[in-house]
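Q: As numbered in full-length UniProt numbering, residues 1 to 380 make up the sequence shown, in order.
To start, I am sharing the structure in question, which I have written as structure tokens.
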Amino acid sequence: MAFLNSTKAIIAHSPKNGEIDWKLSSVKLRDVGENEVLVRVVASGVCHSDIHLSLLPPEHARYPTVLGHEGAGVVVKVGGGVTHVKPEDKVLLSFDYCGEESCYNCEAETPGYCPKFAEKNLATTEGLYEFDGDRTAAGGFFGQSSFGGLAIAQRKSVINVEDLVKDEEELKLFAPFGCGIQTGAGSVTELADVSSKDAVVVVGIGGVGMGAVMAANIRGARTIIAIDRVQSRLDTAKAIGATHTINTTSFVDLKADIAKAIQDVEPEGPNVVVDTTGVVPIVETSFEVLHQRGQLVLIGIMAGKTLPLDLTTLLGSGKSIRGCIEGSAKPSKYIPQLIKWHREGKLPIEKLVKSYPVHEFKQAVEDMLDGTTIKPVLVW
Numbered sequence: 001m002a003f004l005n006s007t008k009a010i011i012a013h014s015p016k017n018g019e020i021d022w023k024l025s026s027v028k029l030r031d032v033g034e035n036e037v038l039v040r041v042v043a044s045g046v047c048h049s050d051i052h053l054s055l056l057p058p059e060h061a062r063y064p065t066v067l068g069h070e071g072a073g074v075v076v077k078v079g080g081g082v083t084h085v086k087p088e089d090k091v092l093l094s095f096d097y098c099g100e101e102s103c104y105n106c107e108a109e110t111p112g113y114c115p116k117f118a119e120k121n122l123a124t125t126e127g128l129y130e131f132d133g134d135r136t137a138a139g140g141f142f143g144q145s146s147f148g149g150l151a152i153a154q155r156k157s158v159i160n161v162e163d164l165v166k167d168e169e170e171l172k173l174f175a176p177f178g179c180g181i182q183t184g185a186g187s188v189t190e191l192a193d194v195s196s197k198d199a200v201v202v203v204g205i206g207g208v209g210m211g212a213v214m215a216a217n218i219r220g221a222r223t224i225i226a227i228d229r230v231q232s233r234l235d236t237a238k239a240i241g242a243t244h245t246i247n248t249t250s251f252v253d254l255k256a257d258i259a260k261a262i263q264d265v266e267p268e269g270p271n272v273v274v275d276t277t278g279v280v281p282i283v284e285t286s287f288e289v290l291h292q293r294g295q296l297v298l299i300g301i302m303a304g305k306t307l308p309l310d311l312t313t314l315l316g317s318g319k320s321i322r323g324c325i326e327g328s329a330k331p332s333k334y335i336p337q338l339i340k341w342h343r344e345g346k347l348p349i350e351k352l353v354k355s356y357p358v359h360e361f362k363q364a365v366e367d368m369l370d371g372t373t374i375k376p377v378l379v380w
């Protein structure tokens, strides 16, 4: 295989002592294939999923690998099968899917539930990068691997925003639209279909949770409760539309105290709870406090966890538990909508994003994990 394109990339190696091991390295990429696009990455958002995948033991992950799945950039070259973008077009990068006419969910414009989602987004491909002489690294994470100055993106992962985005500064700001903001906002507008009659609770106010708060505000939800343990996040949530905030730092009995705090605001319970934490006791409580026929939307990673349920309660209450991938949205339609909302002042993502030069990626990760920064974006 010929490696033709030189750049730098953050390579994830096997975790050490329970911590991620990322290194910024000089790499070479192979040429683009028929249905691929070579993108000069301007910026890439850092997501908790990048951290989670980098902490998996070697038997459950492919190392070394290049991650990153919230890319924004400019097209350099396209494969022969790509017609919707051309060199010099500004693009945002999102997830990949099959898009086949026979695929029920792709045809229904909910490609996050495509049966090939895991294969196309989580199962990286060996040997896409060359580094340290003759060593190779995997790539293709979420159809893009945008933690590099150049990315080979799959055709369906590439969203043409040439006519929607003014300049590279806006590309930096909009990079998180490809996953985190799309996921949080879509969970409210596309999946739960929140209306002005609804009371909404969002648990875990990182980038995804903030997306849900902003979307609930856009939909005019009568009550929006943001729950987190970091006060600065809650302050930001209040600034972008939350009507109430709950800080869990001092809670002794997490389940009971969260339930009481929610019911103090909504005695009959919220109509929608969006959980981004994946913490089982919190999920249990969220289900218990729901209003009759309420919806619990699960976004947080819950690998290997189970949820005990009283099925009689489920039957009699009409409540529902709904998993949510990528906001149940189709990126080529939803990302332009996110940009439109931002233009209208309804999606103030500038309150969430902080840019870091790529060589400061370690600081960006630390700031995200301790709550200093809600959505770090690496600038290449």
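Just so it is clear, CB atoms sit at the ideal spot from N, CA and C, and this is done for glycine as well.
Source: prediction; values computed, not measured.
What residues in its chain sit with their C-beta under 7 Å from that of G206, if we drop five residues either side in the sequence?
A: Position 206 of the sequence shown, counted from the start, is the residue given in the question as residue 206. H48, T276, I374.
Q: Under the three-state reduction of DSSP, which class applies to Y63: helix, strand or coil?
A: One-based indexing of the sequence shown puts residue 63 at position 63. Coil, per DSSP.
Q: How would you call K333, buried or exposed, if buried means at least 16 neighbouring beta carbons within 10 angstroms?
A: Here residue 333 corresponds to residue number 333 of the sequence shown, with the count starting at 1. It counts as exposed.
Q: Report the rounded CA-to-CA distance for A261 versus I227, giving the unit in angstroms.
A: Counted from its first residue, the sequence shown places residue 261 at position 261. Counted from its first residue, the sequence shown places residue 227 at position 227. Spanning the two alpha carbons is a distance of roughly 10 Å.
Q: How about D235 and T248: are their beta carbons less than 9 Å apart?
A: Numbered from its first residue, the sequence shown carries residue 235 at position 235. Numbered from its first residue, the sequence shown carries residue 248 at position 248. It is not a contact, given that the beta carbons lie outside the stated cut-off.
Q: For G220, does the count of other Cβ atoms within 10 angstroms reach 16, so buried, or fall short, so exposed?
A: Here the question's residue 220 lines up with position 220 in the sequence shown. That one is exposed.
Q: State the Cα-Cα distance for the pair K23 and K116, rounded to the nearest angstrom.
A: Indexing the sequence shown from 1 puts residue 23 at position 23. Indexing the sequence shown from 1 puts residue 116 at position 116. A direct Cα-Cα distance of roughly 30 Å separates K23 from K116.
Q: Which complete alpha helix (DSSP H) runs does the segment 190–233 hold, if anything under 4 residues is left out?
A: 207–218
Q: To the nearest angstrom, how far is it from the Cα of V46 to the Cα of A61?
A: The residue labelled residue 46 in the question sits at position 46 within the sequence shown. The residue labelled residue 61 in the question sits at position 61 within the sequence shown. For V46 and A61, the distance between alpha carbons rounds to 19 Å.
Q: At the level of alpha carbons, what is the spacing between M210 and V39?
A: Sequence index remark: in the sequence shown, residue 210 carries index 210 (1-based). Sequence index remark: in the sequence shown, residue 39 carries index 39 (1-based). Distance between the alpha carbons of M210 and V39: 28 Å.
Q: Do you know how far the Cα of G133 is from the Cα of T189?
A: The count along the sequence shown starts at 1 and reaches residue 189 at position 189. The count along the sequence shown starts at 1 and reaches residue 133 at position 133. Whole-angstrom Cα-Cα distance: 48 Å.
Q: At the level of alpha carbons, what is the spacing between A178 and P336?
A: For the purposes of this step, residue 178 is taken as the residue at position 178 of the sequence shown. For the purposes of this step, residue 336 is taken as the residue at position 336 of the sequence shown. A small fix is needed here, since residue 178 is Gly in this sequence, not Ala. Approximately 11 Å between the Cα atoms of the pair.
Q: Under a three-way DSSP split, which group does L378 fall into?
A: Taking the first residue of the sequence shown as 1, we reach residue 378 at position 378. Here L378 sits in strand by DSSP.
Q: Apart from the five residues just before and just after P58, which ones in its own chain have a Cβ nearer than 6 Å to its Cβ?
A: The residue given as residue 58 occupies position 58 in the sequence shown. Correct list, in chain order: S14.
Q: If you run the structure through DSSP and keep just helix, strand and coil, what is S54?
A: Within the sequence shown, the letter at position 54 stands for residue 54. Reduced to three states, the DSSP call for S54 is helix.
Q: Can you give me the start and stop residues for the beta strand (DSSP E) that K3 sits inside?
A: One-based indexing of the sequence shown puts residue 3 at position 3. Strictly speaking, residue 3 in this sequence is Phe, with Lys absent from that position. Note, F3: beta strand (DSSP E), 3–16.
Q: Would you please state the rounded distance, in angstroms, between the beta carbons of I51 and I20? I believe it to be under 8 Å.
A: As a working mapping, residue 51 is identified with position 51 in the sequence shown. As a working mapping, residue 20 is identified with position 20 in the sequence shown. I51 to I20, Cβ: 6 Å. Contact.
Q: Kindly give me the distance between the Cβ atoms of V37 and G79, rounded to whole angstroms, as I take these residues to be in contact under 8 Å.
A: By 1-based counting over the sequence shown, the position of residue 37 is 37. By 1-based counting over the sequence shown, the position of residue 79 is 79. Indeed, because the Cβ distance is near 7 Å, the residues count as touching under 8 Å.
Q: Kindly indicate the opening and closing residues of the beta strand (DSSP E) around S355.
A: What you label residue 355 is simply residue 355 of the sequence shown in a count that begins at 1. Residues 353–357.
Q: Nearest CA to the CA of D96: which residue from H359, G371, A329?
A: Translated into the one-based positions of the sequence shown, residue 96 becomes position 96. Looking at the Cα atoms, A329 is the closest of the given residues.
Q: Which class does R322 belong to by DSSP, given the choice of helix, strand or coil?
A: Here residue 322 refers to the residue found at position 322 of the sequence shown. DSSP places R322 in strand when its eight states are reduced to three.
Q: Over the uninterrupted alpha helix (DSSP H) stretch that includes K255, give me the two end residues.
A: On the sequence shown, residue 255 is found 255 positions in, with the first residue counted as 1. It spans 254–265 - the alpha helix (DSSP H) in which K255 sits, taken as one unbroken run.
Q: Relative to the alpha-carbon of Q295, which residue among M302, K305, T313, V272 has its alpha-carbon at the smallest distance?
A: If you number the sequence shown from 1, residue 295 lands on position 295. Cα-wise, what sits closest to Q295 is V272.
Q: With distance defined between alpha-carbon atoms, name the residue in D198, N35, D31, T223 nearest to G81.
A: For the purposes of this step, residue 81 is identified with residue 81 of the sequence shown, where counting begins at 1. Comparing Cα positions, the closest option is N35.
Q: Which of the three DSSP states, helix, strand or coil, is assigned to F95?
A: Here the question's residue 95 lines up with position 95 in the sequence shown. Reduced to three states, the DSSP call for F95 is coil.
Q: So what does DSSP say about S102, is it helix, strand or coil?
A: What you label residue 102 is simply residue 102 of the sequence shown in a count that begins at 1. S102: coil per DSSP, three-state reduction.
Q: Could you give the C-beta distance for K90 and V161, rounded to a whole number, given that I count them as a contact under 8 Å?
A: Numbered from its first residue, the sequence shown carries residue 90 at position 90. Numbered from its first residue, the sequence shown carries residue 161 at position 161. That belief holds up - the Cβ atoms of K90 and V161 are roughly 5 Å apart, short of 8 Å.
Q: Helix, strand or coil: which one does DSSP assign to T245?
A: Along the sequence shown, read from residue 1 onward, the residue named residue 245 stands at position 245. Residue state, collapsed to three classes: strand.
Q: Taking a contact to mean a Cβ-Cβ separation below 9 Å, would you say V32 touches K8 in this structure?
A: Against the sequence shown, residue 32 aligns to sequence position 32. Against the sequence shown, residue 8 aligns to sequence position 8. No, they are not a contact pair.
Q: Are three or more beta carbon pairs between the segment 65–77 and the segment 136–151 nearer than 8 Å?
A: Touching, per the Cβ criterion.
Q: What is the rounded straight-line gap between the Cα of G316 and the Cα of T183?
A: The residue you call residue 316 lines up with position 316 of the sequence shown. The residue you call residue 183 lines up with position 183 of the sequence shown. Going from the Cα of G316 to the Cα of T183 covers about 30 Å.
Q: Taking V201 as the reference, which of V194, N217, D193, I224 has the closest Cα?
A: The residue you call residue 201 lines up with position 201 of the sequence shown. Measuring from the Cα of V201, the nearest candidate turns out to be I224.
Q: Which parts of the segment 107–164 are runs of the alpha helix (DSSP H), unbroken and 4 residues or longer, counting only runs that do not cross its ends?
A: 117–121
Q: Taking only the alpha-carbon atoms, compute the straight-line gap between M368 and P376 and give it to the nearest angstrom.
A: Taking the sequence shown and counting its residues from 1, one reaches residue 368 at position 368. Taking the sequence shown and counting its residues from 1, one reaches residue 376 at position 376. Distance between the alpha carbons of M368 and P376: 7 Å.
Q: Given that a residue counts as buried once 16 or more other Cβ atoms are within 10 Å of its Cβ, and exposed if not, what is N17?
A: Start at 1 with the first residue of the sequence shown, and residue 17 comes out as number 17. By the neighbour-count definition (other C-beta atoms within 10 Å, threshold 16), N17 is an exposed residue.
Q: Output the distance between the C-alpha atoms of E266 and A185, rounded to the nearest integer angstrom.
A: Mapped onto the sequence shown, residue 266 falls at position 266. Mapped onto the sequence shown, residue 185 falls at position 185. Looking at the two C-alpha atoms, the distance is approximately 22 Å.
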